[in-house]
Structure formats: C-alpha cells, structure tokens
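Take a look at the structure set out below.
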Amino acid sequence: MVVCIYLVVEWVTFSKESRDVLIKATKLTKKFGNFVAVDGIDFEVYRGDCVGFLGPNGAGKTTTVRMMYCFLPPTSGELTIACLSVHNKCREIKCIVGVAPQEDNLDLDFSVVKNLAVYARYFDISKDEALRRADEQLAFFQLQEKRDMPIMALSTGMKRRLIFARALLNKPQVLLLDEPTTGLDPQARHLVWDAVRQLKKLQVTIILTTHYMDEAEVLCDRIIIIDHGKIIEDGKPKELIKKHIGEDVLELDCDESLIPLLKQTFSDARIEKLGERMQVFTSKPHSVFEGFLQEHKIQNVTIRKANLEDVFLKLTGRDLRAND
Amino acid sequence: MTEVNIRKSPAKFSIPKISYRVWIVWRRNADVFMKTIGVNFLPSLLEPIIYLFAFGFGLGGFIPEINGSPYINFIAPALVAISLMNGAFFECTYGSFVRMYYQKTFDAIVATPISVEEVIAGELLWGATRGTINGTIVLTVIGISGFFVSQPLITSPLFLLIPVIAFFGGLMLSGIAMCFTAVAPSIDFFNYPFFLLITPMMFLSGTFFPLASLPETAQGLALAVLPLTHIVNLTRGTLTGSTETLFGLNIHALIPLSLIWIAIVTIAFFIISINLMKKRLTR
Chain A
879 MVVCIYLVVE
889 WVTFSKESRD
899 VLIKATKLTK
909 KFGNFVAVDG
919 IDFEVYRGDC
929 VGFLGPNGAG
939 KTTTVRMMYC
949 FLPPTSGELT
959 IACLSVHNKC
969 REIKCIVGVA
979 PQEDNLDLDF
989 SVVKNLAVYA
999 RYFDISKDEA
1009 LRRADEQLAF
1019 FQLQEKRDMP
1029 IMALSTGMKR
1039 RLIFARALLN
1049 KPQVLLLDEP
1059 TTGLDPQARH
1069 LVWDAVRQLK
1079 KLQVTIILTT
1089 HYMDEAEVLC
1099 DRIIIIDHGK
1109 IIEDGKPKEL
1119 IKKHIGEDVL
1129 ELDCDESLIP
1139 LLKQTFSDAR
1149 IEKLGERMQV
1159 FTSKPHSVFE
1169 GFLQEHKIQN
1179 VTIRKANLED
1189 VFLKLTGRDL
1199 RAND
Chain B
2 MTEVNIRKSP
12 AKFSIPKISY
22 RVWIVWRRNA
32 DVFMKTIGVN
42 FLPSLLEPII
52 YLFAFGFGLG
62 GFIPEINGSP
72 YINFIAPALV
82 AISLMNGAFF
92 ECTYGSFVRM
102 YYQKTFDAIV
112 ATPISVEEVI
122 AGELLWGATR
132 GTINGTIVLT
142 VIGISGFFVS
152 QPLITSPLFL
162 LIPVIAFFGG
172 LMLSGIAMCF
182 TAVAPSIDFF
192 NYPFFLLITP
202 MMFLSGTFFP
212 LASLPETAQG
222 LALAVLPLTH
232 IVNLTRGTLT
242 GSTETLFGLN
252 IHALIPLSLI
262 WIAIVTIAFF
272 IISINLMKKR
282 LTR
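Next up, the structure:
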C-alpha cells in the first residue's frame, strides 16, 4: 500500500517533471530602431520537445532564436531558459544551450578538429575531453576524413554539419538549430535528421527554424508559425493540417467550368488557382473525394495528402518576401 | 506572472565585468600565432635591422653625436617603441576587424559562456602581447647589434624591464586601436588612424631626432597627446639610463610623468574601447 502510494506519487511528479516548461517567453519584444522584429510574443516550450519556428523571410524567427542565447537583448518582455532570465543570467544560459547559427562562423584560422577543440575550450572543457568529444562528433557527422583539413576545404554541407557538431560539444539541454539543413544534399539532410531524432531520445529540447515544411513535419512535435513578428499559429503539425486544410487536397487542371460542380460537391471548398492547376481544399473525408472521381471522369486529377506547406501558405499568403 | 518588466538594452556605459575567461580568448589568438609563427616573426625581426642599417649606419654617418653618443644609440630605443606600437595597433585594428567582421569569430565565441566584454578584453591583452613580442625581438636585435658598433646600444641593466613596458605600452595602443575598430564602417577606414596617428607619431615622438629641436608648442603637444612619446621616454630611459630634457624636466621627472600618463590612458581606453565594442556588437 505504502509502496503503491509512493509509486503513484513518483509517477505524478515524474510525469509533471517530464512536461516542465524549459523555455518561456512573455510579451517578448525586439525592436531595431523603429522596426519591430518580434512583437510581444508569448510561448512555452516543454523539456524534451522539438519545436519548429516557421515563417517567411524576415518574420522574426532568427531574432527570436538569437534572443534565446543572449546574442540579442530583448527590447522588452521576459524570456527564460530553465528559469534563467536572458536579462541577467546569460552566462548560465549559454552553459546549457548549444547553438548552430544560420551563418557560417567557423574559425577559418583552424583545422576542422581544432575548431571543435578551441570551441570546447570556451566552455572550460579540458583538452583531453575536448578532443575526445570532437572525435566522437566528427565520427557521428561523418567528417573524420576531414579531421585535419582547413575549413576552406569543406563543402557547404560539410560546414553545416561541422556547425551542428560544434553545437553539441557542451552536451546542451537546449539546442538551437537555425536553418540546419539549408544548402544540404538529401544524404546530409537525413544525417542531420537522424541526429535530431537521437537527441530527442536523450530528452534534449530542440528549437528549429526551417523553410522546409517536410522537415518540420517529420521532426517537430510542435510548430509555431511566426509572421510580421507575431505568432499566428501554434500546435502539433497533424492538428494544424487537420484544422486548416483537412485530410486531402484535390488537384486538377485549371477549368473554370468545373468550379460550380466542385463547390456543389465540396460545400466548404476553397479553390486556389496556381498557374495551370487548381487546388481544392476542403475538410470533407477521403470517401467524398473518391466518390467525386468515380462520378465525374476528369483528366489529370490527383488526390494528395494535405501537408504543412498548405497550412503555411494559407496562413502567410503566397506573396514573395524580401530576403532578410 | 502577469507583470512584465520593461528593461532597456544593457548597452549602458559601465566598467567591464571580466573573468579569467579573457585568457581563453587570448589563447585562441596565441594558438593562431603559433601556427604561423615563422611568418609572424620575420617582419618584426627584419624591420629593426633595416632601420638600424639605414638610419644608424647610413644616415648616422652624416649626423653629429646626440647627447654625447652616436646617432644609432639615440634611435635604438625608439625602434623598440615603434615596433611594439605597430604590433599592438595592427593587431587591434586590422586583426580584430577581420575576426569581428569577416570571420564572425566574435559571434561564435559569444554563443559560449564567454561575454562580449571578455572577448574584447582578450583581444586587447593579445594586442599587448603582440607589442611585447615585437618589443622583445627588437630588444634582442639591438642587443646583438651593439657588439658591431662603437658603443653598446644597451647600457643599463634596466633593459630587463622592456617586456613589461612593451606590454603596458601595447595595451594602451591596443585600447586606442580598438576604439577605431568599434567605429570602423569598413576595413579601408583604418587608413585614417594609420596615416593621421601612427605615421606622425612614428616621427614626432622623439624617435629619430630629439623633441627638444622642435618648437615648444610641438614639444608640448607631443608630451600631452602622443602616446608614443611616453613609451619612447621609458624605452630610452631603461636602455640607456638617460632621456632628453624637456621643459626642464630630466629623466627623474620624465619617467614618473610618462608612467602616470600611460597608466591613466591605458585604463581609460581599456574601458572606453570595451564599451564602444559592446555597443557595436549588441544591437
């Protein structure tokens, strides 16, 4: 009986702990002069979650990530990592955070392995331990062959992997990945995805920004969509797709005469024209789609699964943004 | 938690908070230096040899004795000062700017437990170290050259203090250099401090001719605003046991004056340059 109560108490505290809030933003704001990059956002990230920050260029993703490791001080509002405020506990925060920034800031004066060893030294990691961890990371990211090469000799993909490896040297509780797979070939991309999955198993909390919706969909437990410095949606990828798009999307050749028929079949249809093709978004179940196709013989028609990209484009629009 | 504190960006002017971590930044630069040590030593080794040869042997033949010694003995201590100045100033202008702007090395370091202030303090200490290395190399060169000229170029045991003088003189010039780096819009900007500050200092600080031969106003200006004047006072004082006499001040008054001048300016620019760089780097 006592043991049972003990176990229950343990379970309750454990499950509560496993969902504890590791990152918390309250009215977080960042202004550059008159430009409001991040506009009073609130969010919480639980320990062990992988949260994707999505948004068009210049939406405020990178600025938010940069505030998380004290690179940029917030203009107002509060941001805490493991209950440490970015306003006054930067050193402590940076000890437990690993950062893979968007831009390449590897140390051009050193070789690949020396880059990792010197970076580990910034964390007060002893020389032997630094080299051990460096070689461990090089092996995992398949960079052993480049161990003693200068940075100049690396391809873009190798540099991205090295930056990722470097972010893990201090065994971080929180990992910030700012566009980790931009410019990578599919092989290297899957290597990065594997790394993210393994780190999730180790209960590392991951913040990821990306422009690849498939990446966000497979890796992230939660998605936060930002536009113009504000959070416009926050939820699990599957739930967001279901909420905003439905299960399936019908794609067919552009033909104005079909629109009344489509509207009639799918009462809530939202029809979008994209060049030569039309997309029909509706919350109707799969069976309605199948029935429609059997009833009307239409050329070049496909039913595809709704995805995160549909959600993203619906929420942020199709206009092109200036690069940030 | 409903109440949210509104705080201003922490870019206010303050005394830098630094820890032992400045040495980790220093070691990064020292590691790079050691990697390319051959290339680094050569200019600081050759430069004083060329000066001694051209000015000491060449020009010196046409110049009567200064303060009872050959011309080469007058310029030797100044070469130590010029070399340490160049070493420190170059490191904290071009060197620091490349690391900050092109290589984004500072951005990488501040993502670790090291703060912006510590990065800049580490850079300044490294600039001082480059000054020390240069000063010590030149000291060795003129020590050896002394065997080949009529009078030894080093005549006082106080020459052992040269590395210490070079370090603090280097730290002073690093601080001044870092202020230019903090406001430099591009790397071409450094032409200004080099042509408007370093080159005039190199010739107008009692280096290649006694300051006393300039008009009194120029002497006063050199003493008041040119850091190199004070470094030259110290190197000449320690290497030869004598200095010029300026405004009736002999070695016993000039040395303390220069020590105090350097101490004040070093501390001031150490604090100012770190604050300016912090302002530039935290937006």
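As given, the protein sequences belong to chains A and B, one line each in that order.
Whatever position you read off the first sequence (first residue = 1), add 878 for the numbering used here.
Whatever position you read off the second sequence (first residue = 1), add 1 for the numbering used here.
Just so it is clear, CB atoms sit at the ideal spot from N, CA and C, and this is done for glycine as well.
For a cutoff of 7 Å on Cβ pairs, would you count residue i as touching chain A?
{"i": "Arg29/B", "result": "yes"}
{"i": "Met202/B", "result": "no"}
{"i": "Val120/B", "result": "no"}
{"i": "Ile83/B", "result": "no"}
{"i": "Ile25/B", "result": "yes"}
{"i": "Val226/B", "result": "no"}
{"i": "Val139/B", "result": "no"}
{"i": "Val33/B", "result": "yes"}
{"i": "Arg8/B", "result": "Its pLDDT being 46, under 50, Arg8/B is placed unreliably by the model, and the measurement read from it follows with that caveat. Yes, because at least one Cβ of chain A sits closer than 7 Å to the Cβ of Arg8/B."}
{"i": "Arg131/B", "result": "no"}
{"i": "Val5/B", "result": "Because Val5/B carries a pLDDT of 44, less than 50, the predicted location of this residue cannot be relied on, and no value is offered for it."}
Find the residues of chain B that neighbour residue i, judging by a C-beta separation of less than 8 Å, and give them in chain order.
{"i": "Asn983/A", "result": "Gln104, Lys105, Thr106, Asp108 and Ala109"}
{"i": "Arg969/A", "result": "Pro114 and Ser116"}
{"i": "Val977/A", "result": "Ala112"}
{"i": "Leu950/A", "result": "Thr283 and Arg284"}
Compare the C-beta of residue i against all C-beta atoms of chain B and say whether one is closer than 7 Å.
{"i": "Ala1037/A", "result": "The sequence shown places Lys at residue 1037/A, rather than the Ala named in the question. No - not a single Cβ of chain B is within 7 Å of the one on Lys1037/A."}
{"i": "Lys1192/A", "result": "no"}
{"i": "Val890/A", "result": "Only weak support exists for where Val890/A lies, its pLDDT of 49 falling under 50; the value from the coordinates is given anyway. No - not a single Cβ of chain B is within 7 Å of the one on Val890/A."}
{"i": "Cys1132/A", "result": "no"}
{"i": "Asp987/A", "result": "yes"}
{"i": "Asp1202/A", "result": "Caution is warranted here: a pLDDT of 43 is assigned to Asp1202/A, below 50, making its placement in the model unreliable, and the coordinate value is therefore given only provisionally. Not one chain B Cβ lies under 7 Å of Asp1202/A."}
{"i": "Arg1010/A", "result": "no"}
{"i": "Cys973/A", "result": "yes"}
{"i": "Tyr1218/A", "result": "Here chain A covers residues 879 to 1202 and nothing more, so residue 1218/A does not appear."}
{"i": "Arg999/A", "result": "yes"}
{"i": "Val996/A", "result": "yes"}
Am I right that residue i and residue j are in contact with their C-beta atoms under 8 Å? What's the rounded C-beta distance?
{"i": "Met946/A", "j": "Val975/A", "result": "7 Å"}
{"i": "Phe1144/A", "j": "Val1127/A", "result": "The pair is not a contact, with the Cβ atoms about 11 Å apart (cut-off 8 Å)."}
{"i": "Ile1119/A", "j": "Val1189/A", "result": "6 Å"}
{"i": "Val23/B", "j": "Ala129/B", "result": "Not a contact, Cβ separation roughly 11 Å."}
{"i": "Leu1193/A", "j": "Glu1111/A", "result": "6 Å"}
{"i": "Met1036/A", "j": "Leu1054/A", "result": "About 21 Å; that fails the 8 Å criterion."}
{"i": "Val142/B", "j": "Pro49/B", "result": "5 Å"}
{"i": "Val899/A", "j": "Leu906/A", "result": "About 14 Å separates the two Cβ atoms, so there is no contact after all."}
{"i": "Leu159/B", "j": "Phe271/B", "result": "The pair is not a contact, with the Cβ atoms about 26 Å apart (cut-off 8 Å)."}
{"i": "Ile256/B", "j": "Ala82/B", "result": "14 Å between Cβ atoms; not a contact."}
{"i": "Gly955/A", "j": "Thr904/A", "result": "6 Å"}
Going along chain B in order, which residues have a C-beta closer than 7 Å to the C-beta of residue i?
{"i": "Phe910/A", "result": "Arg284"}
I want to verify the contact list: residues of chain A whose CB lies under 8 Å from the CB of residue i, in sequence order.
{"i": "Leu16/B", "result": "It is Ile, not Leu, that sits at residue 16/B in the sequence shown. Here the premise fails: no neighbours, minimum Cβ distance about 17 Å."}
Can you determine whether any heavy atom of the ligand FMN sits closer than 6 Å to the C-beta of residue i, and answer yes or no?
{"i": "Leu222/B", "result": "Summarising the ligand content, the structure contains no ligands, and the ligand FMN is consequently not present."}
Check whether the stretch 1008-1018 of chain A touches the stretch 1037-1054 of chain A, taking contact to mean three or more Cβ pairs, one atom from each stretch, closer than 8 Å. Output reads yes: the stretch 1037-1054 of chain A touches the stretch 1008-1018 of chain A.
In chain order, which beta strand (DSSP E) runs of at least 3 residues are fully inside the stretch 8-42 of chain B? Here no run is fully enclosed.
Note down, one range per segment and in chain order, each beta strand (DSSP E) of at least 3 residues found wholly within the stretch 1051-1107 of chain A. Counting only runs of at least 3 residues, the stretch 1051-1107 of chain A fully encloses the following beta strand (DSSP E) elements, listed from N- to C-terminal order: 1052-1056, 1083-1087 and 1100-1105.
3-residue-minimum beta strand (DSSP E) runs that sit fully inside the stretch 959-987 of chain A, ordered along the chain: Taking only runs of at least 3 residues, the beta strand (DSSP E) segments lying wholly in the stretch 959-987 of chain A are 975-978.
Any contact between the stretch 1085-1096 of chain A and the stretch 1130-1142 of chain A? By contact I mean 3 or more CB pairs, one from each, below 8 Å. No contact exists between the stretch 1085-1096 of chain A and the stretch 1130-1142 of chain A.
What are the uninterrupted segments assigned as alpha helix (DSSP H) that are 4 or more residues long and contained completely in the stretch 1151-1179 of chain A, given in chain order? If only uninterrupted alpha helix (DSSP H) runs of at least 4 residues are considered, those enclosed by the stretch 1151-1179 of chain A are 1164-1173.
Between the stretch 239-257 of chain B and the stretch 66-80 of chain B, are three or more C-beta pairs nearer than 8 Å? The stretch 239-257 of chain B vs the stretch 66-80 of chain B: in contact.
Only counting runs of 4 or more residues, tell me where the alpha helix (DSSP H) segments fall wholly within the stretch 168-246 of chain B, in order along the chain. Segments of the alpha helix (DSSP H) lying fully in the stretch 168-246 of chain B: 200-205, 217-226 and 228-241.
Does the stretch 939-959 of chain A touch the stretch 1018-1032 of chain A, meaning 3 or more C-beta pairs lie closer than 8 Å? The stretch 1018-1032 of chain A, when compared against the stretch 939-959 of chain A, does not touch it at the 8 Å Cβ threshold.
Examine the Cβ distances between the stretch 130-144 of chain B and the stretch 272-284 of chain B and report whether three or more of them are shorter than 8 Å. By the Cβ test, the stretch 130-144 of chain B is not in contact with the stretch 272-284 of chain B, since fewer than three Cβ pairs between them sit closer than 8 Å.
At least 3 beta-carbon pairs within less than 8 Å: the stretch 106-115 of chain B vs the stretch 976-991 of chain A: Yes: the two stretches touch, three or more of their Cβ pairs being nearer than 8 Å.
Evaluate contact between the stretch 1079-1087 of chain A and the stretch 990-1006 of chain A, counting only Cβ atoms and requiring at least three cross-stretch pairs below 8 Å. Flag = no, the stretch 1079-1087 of chain A and the stretch 990-1006 of chain A do not touch.
Is the stretch 71-89 of chain B touching the stretch 152-165 of chain B, taking contact as three or more C-beta pairs under 8 Å? The answer is yes - the stretch 152-165 of chain B touches the stretch 71-89 of chain B, with three or more Cβ pairs under 8 Å.
Is the number of C-beta pairs between the stretch 187-196 of chain B and the stretch 215-228 of chain B that are closer than 8 Å three or more? Not touching, per the Cβ criterion.
Could you check whether the stretch 226-241 of chain B touches the stretch 196-210 of chain B, counting it as contact only if at least three pairs of C-beta atoms, one from each stretch, sit closer than 8 Å? As far as the Cβ criterion goes, the stretch 226-241 of chain B touches the stretch 196-210 of chain B, which means the pair count is three or higher.
Across the stretch 83-101 of chain B and the stretch 172-181 of chain B, are there enough close Cβ pairs to call them in contact, namely three or more that are closer than 8 Å? Taking one beta carbon from each stretch, the stretch 83-101 of chain B and the stretch 172-181 of chain B have 3 or more pairs nearer than 8 Å; the two touch.
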